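J.: Could you have a look at this structure, given as structure tokens, before my questions?
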Amino acid sequence: MSVLIVIPARYASSRYPGKPLAELRGATGEAKSLIRRSWDAAIAVKGVDRVVVATDDDRIREAAEGFGAEVVMTSEKCANGTERCAEAFDALGGGYDIVVNLQGDAPLTPAWFVEDLVDGLRKDTMAEVATPVLRCDGRALNGFLEDRRAGRVGGTTAVFTTDHHALYFSKEVVPFTSETYDDADDTPVFHHVGVYAYRPSALGAYPRWTSGPLEQLEGLEQLRFMEHGRQVLCVEVEARGRQFWELNNPEDVPRLEAMMAEMGVA
């Protein structure tokens, strides 16, 4: 099955304007833009036929083409990354069996997250969309709770059935737990990793559906699939000693840089 990775990137983020061009310093002290680090993460994935950046902004296009990325220009009307992926897929003429949305704010996404995701969608014929989930250790969960106490929207959490079909995604920390956890402890909370794999039929239908109340309240694009009765598969992935975090707010930059320094990510 042929696989296309699309990296949707927009400049006009309400929480962090210009985010794709924000620079992050790695373990060697070298600064690279967020879009460059996302591209590097994408091309490290095995079994992928093509990788493109999808944007509506010439500044991002110029930056991406400057380090050798293929760019597809999309409209400013795209409400989220899934709509941008759908438009890019159409612009490329289709022709791929699975489309991966590797969002441009997750530069620490390990290649095996995406490889396991694609494999999970291939095996689960009932699912039309798949997304990775990572069990939080105490350090990650405490980071989520700290963000919420400070009034920041941090990572997204996921709850799912015993066969790993999604029940809900939220920017709140769900499920609730009254326990306290040390940094290395396993917790019952799963961090939703901002990557999606779609079957073309579901991706093509998505922009035609209305945005439901849950998507609007949470600001989470994947809820549109669920509100329209489509199965979303949660593929549990393993950290293998890697830390993971998205760049959601400017305050996340030092957090990500500290993680890259600790893991030796250049």
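Its first residue numbered 0, the sequence shown is counted upward by one per residue in numbering that gives the first Met the number 0. Just so you know, even glycine gets a beta-carbon here, dropped at the ideal spot from N, CA and C. No experiment lies behind these values; they were computed from the predicted model shown.
Using DSSP with H/G/I as helix, E/B as strand and the rest coil, what is residue 161?
T.: Residue 161 falls in the coil class under three-state DSSP.
J.: What does the alpha-carbon distance come out to for the pair residue 233 and residue 206?
T.: Rounded to whole angstroms, residue 233 to residue 206 spans 22 Å at the Cα level.
J.: Secondary structure at residue 136, three-state DSSP: helix, strand or coil?
T.: Three-state result, residue 136: strand.
J.: Can you tell me whether residue 37 is buried or exposed, with buried defined as 16 or more other CB within 10 angstroms of its CB?
T.: Buried is the call here.
J.: Suppose contacts are defined by Cβ-Cβ distances below 8 Å. Is residue 120 in contact with residue 186 by that definition?
T.: In this structure, residue 186 does not lie closer than 8 Å to residue 120 by Cβ.
J.: How far does the alpha helix (DSSP H) with residue 49 in it reach, from first residue to last?
T.: Looking at the DSSP string, residue 49 is not in any alpha helix (DSSP H); the run it does join, the beta strand (DSSP E), is 49-54.
J.: Below 8 Å on the Cβ atoms is my guess for residue 147 versus residue 154; work out the distance and round it to an integer in Å.
T.: So it is not a contact: roughly 10 Å between Cβ atoms.
J.: Please work out which residues of its chain come closer than 7 Å, Cβ to Cβ, to residue 225, disregarding the five sequence neighbours upstream and downstream, and give them in chain order.
T.: Result list for residue 225: 165, 231, in chain order.
J.: Figure out for me which residue from 162, 122, 91, 79 has the closest Cα to the Cα of residue 101.
T.: Ranking the options by Cα distance to residue 101, first place goes to 79.
J.: Pair every Cβ in the stretch 125-132 with every Cβ in the stretch 26-35, then say whether three or more of these pairs are closer than 8 Å.
T.: In short, these stretches do not touch, since the Cβ pair count stays below three.
J.: Am I right that residue 8 and residue 59 are in contact with their C-beta atoms under 8 Å? What's the rounded C-beta distance?
T.: Confirmed, Cβ separation roughly 5 Å.
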